[in-house]
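The next block holds one structure in the form of structure tokens; read it before the comments.
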Amino acid sequence: MSTLRTRFAPSPTGFLHIGGARTALFNWAMTRKAGGTFILRIEDTDHERSTRESEAAVLEGLEWLGIDWDEGPYRQSERVERHRAVVETLLADGNAYRCVCTREELEERRNRDIAAGGKGNYDGRCRELGLGPECGPHTVRLRIDRERALRWDDLVFGPSGQEASEIGDGILRRSDGTPLYHLAVVVDDIDMGITHIVRGADHHSNTPFQLAIYRALGAPVPTFAHVPLIVAESGRKLSKRRDPVSLQQFRAEGYLPEAMLNWLARLGWSHGDQEIFSADEIIEHFDLAHVGRSGAQADLAKLAWLNQHYLKQCPADALFAAVSPYLAAVAGREVVRDARVDRLLDLLRERSTRLDEMAEKARFALVDRIEIEAEAAKKHLRPVVQDAIEALLVALERDAEWNAASIEAAFEAACRAAGDLKLGKLAQPVRVAVTGTTASPGIYETLEVAGRERALARLREAVAFIRERATETGGSGTGDAS
RNA sequence: GUCCCCAUCGUCUAGCGGUUAGGACGUCGGCCUUUCAAGCCGAUAACACGGGUUCGAUCCCCGUUGGGGACACCA
Numbered sequence: 205m206s207t208l209r210t211r212f213a214p215s216p217t218g219f220l221h222i223g224g225a226r227t228a229l230f231n232w233a234m235t236r237k238a239g240g241t242f243i244l245r246i247e248d249t250d251h252e253r254s255t256r257e258s259e260a261a262v263l264e265g266l267e268w269l270g271i272d273w274d275e276g277p278y279r280q281s282e283r284v285e286r287h288r289a290v291v292e293t294l295l296a297d298g299n300a301y302r303c304v305c306t307r308e309e310l311e312e313r314r315n316r317d318i319a320a321g322g323k324g325n326y327d328g329r330c331r332e333l334g335l336g337p338e339c340g341p342h343t344v345r346l347r348i349d350r351e352r353a354l355r356w357d358d359l360v361f362g363p364s365g366q367e368a369s370e371i372g373d374g375i376l377r378r379s380d381g382t383p384l385y386h387l388a389v390v391v392d393d394i395d396m397g398i399t400h401i402v403r404g405a406d407h408h409s410n411t412p413f414q415l416a417i418y419r420a421l422g423a424p425v426p427t428f429a430h431v432p433l434i435v436a437e438s439g440r441k442l443s444k445r446r447d448p449v450s451l452q453q454f455r456a457e458g459y460l461p462e463a464m465l466n467w468l469a470r471l472g473w474s475h476g477d478q479e480i481f482s483a484d485e486i487i488e489h490f491d492l493a494h495v496g497r498s499g500a501q502a503d504l505a506k507l508a509w510l511n512q513h514y515l516k517q518c519p520a521d522a523l524f525a526a527v528s529p530y531l532a533a534v535a536g537r538e539v540v541r542d543a544r545v546d547r548l549l550d551l552l553r554e555r556s557t558r559l560d561e562m563a564e565k566a567r568f569a570l571v572d573r574i575e576i577e578a579e580a581a582k583k584h585l586r587p588v589v590q591d592a593i594e595a596l597l598v599a600l601e602r603d604a605e606w607n608a609a610s611i612e613a614a615f616e617a618a619c620r621a622a623g624d625l626k627l628g629k630l631a632q633p634v635r636v637a638v639t640g641t642t643a644s645p646g647i648y649e650t651l652e653v654a655g656r657e658r659a660l661a662r663l664r665e666a667v668a669f670i671r672e673r674a675t676e677t678g679g680s681g682t683g684d685a686s
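The first sequence begins at 205 in this note's numbering and counts up one residue at a time.
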């Protein structure tokens, strides 16, 4: 057991998004590899935006991916008293001071400073005033030692940080008495004994200020690693409106957790030429040293490929469990698993990238009535094939076995009876008649899996359709002539 | 605007001074073939630009350009 302690600290202000999921994954993989302790902490100090529903969504998302934690979930909101006490200590020992500047004053001075070519940092007006608790409405600011550089060696970005003079004395506590995020995270991370902080690169520039808090508290500084952000396919920041970013959404669309995990892992991290990683392999090989420093675009095509890969090698029972809800949605009823359904899924897994798509392709074998695509009917259900279909019907009606081999024999007989018709000429019309579409598994398998009664009924309907069509066109044999 | 960061095929990336710049997804072509897939084979395609350093730069340094992030009494 190592002493490595990490944490994932999402704020429950919506769903778990893929950037957060990846951060969690990296933390988890690193911790599991080292045999450390992984802590989950919900940063819910923003009461306006935090909800219990999204907290549940976050936990659900992690569980779905198979990311487990050893401690927590803790809630930051439960620790506010501790945060307040820390601010008092800081105040008492002179590492923090009260500030009575109002927002308006602050903004005005800031603008003036920028106009004069300054950086717009807090000017330190209240820094040496020695304001006491009775000074009226006030915030509490950290007294940053301007002589000491705020630098650290980032495990991903390398030497990082800036001069203390580059940042102003930040606020630790609001005038309403509530602590700010920066103070809360640092205190929590210290109290929970976090040794390695792996988080999104959006915190890279926040780190100097947090470093200053660690110093003021006299606490050892943990090791930091900032992971580059995931960007949209447009190249820009992920947009909740335009881009698919919610883990729940991917899940609903029928992506397998294995595929999701694999995809997320390879987004910004690599291990030589290897593309396929199981959870165990990620743990075995994960290394922050091989996390890139540039942002990664979410490549949905790659996800689709991975998903099909996992679909293809999924054990039958697991596959059924995963598609079952989608099958039910298409069938309009619970679909019971049997040999025929397993066979169907085996045929479909090579033809689908997602579970919802797979269920849709299974429709012909699940429902009694299907719609024939107009275009397909027009092109394939023509008088030329009427005789052949009728011959096939005769042969199939005699087929009691009803498996791919026996059906194939029936097709051969029908083609012979129809004057040595080529199989292709018959297969496509039959496919359209039985599935309603021009694409499906092999024709024998398609019939097998559609079921004997359903297949025969649809073929009879097709014959009726062709007859009717011949009449409509005046019975002049237009179809035959073409 | 200020500060910080990033930069290899369309995308994810390998590379850590000397390589025909590799892999994967995608795309395109071929094979297979009763459709669609899958599979197999092949092709396309990159070191942003300009200066240095060096015998030699994708790799090290500087600048430019481009992109991203942070600058709240949000987290």
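For every residue, glycine included, the Cβ atom is placed at its ideal position computed from N, Cα and C.
Between the region 627-639 and the region 531-548, the count of Cβ pairs shorter than 8 Å is below three; the stretches do not touch. With fewer than 16 other beta carbons inside 10 angstroms of its own, I480 counts as exposed.
Linking T235 to A566 through their CA atoms gives a straight-line distance of about 42 Å. Only residues of its own chain outside the window of five on either side were considered, and among them none has a CB closer than 8 Å to the CB of A543.
Within the same chain, and ignoring the five residues on either side of P424 in sequence, the residues whose Cβ sits closer than 8 Å to its Cβ are Y418.
A Cβ-Cβ contact shorter than 8 Å links T217 with S258. Sequence-distant partners of L548 (beyond 5 residues in either direction) whose C-beta falls short of 6 Å from its own C-beta, in its chain, are A566, A569 and V653. Taking every protein chain shown into account, the CB of N511 has 16 or more other CB atoms within 10 angstroms, so this residue is buried.
Per DSSP, the continuous alpha helix (DSSP H) segment holding H287 begins and ends at V284 to A296. Distances from the CA of Y648 to each of T427, E672, A608 and A666 were compared; the closest alpha carbon is that of A608. Residue pairing of G365 in beta bridges, as defined by DSSP: R355.
Between the alpha carbons of V304 and P337 lies a gap of roughly 11 Å. Beta-bridge partners assigned by DSSP to C339: none are found. Excluding its 5 nearest sequence neighbours in each direction, P432 has C-beta neighbours in its own chain below 7 Å: A405, G472, G496, R497, S498, G499 and A500, listed in chain order.
Under DSSP, W473 shares a beta bridge with V495. Under the Cβ criterion (8 Å, minimum of three pairs), the region 268-285 counts as touching the region 241-249. Counting along the chain, T427 sits inside the beta strand (DSSP E) bounded by residues T427 to V431. If you check the CB distance, D560 and G458 come in under 8 Å. Within 10 angstroms of the beta-carbon of N466 lie 16 or more other beta-carbons, which makes it buried.
Two segments are said to touch when three or more pairs of C-beta atoms, one from each, lie closer than 8 Å; by this definition the region 350-359 does not touch the region 315-325.
When the Cα atoms are used, A213 and G381 turn out to be separated by approximately 23 Å.
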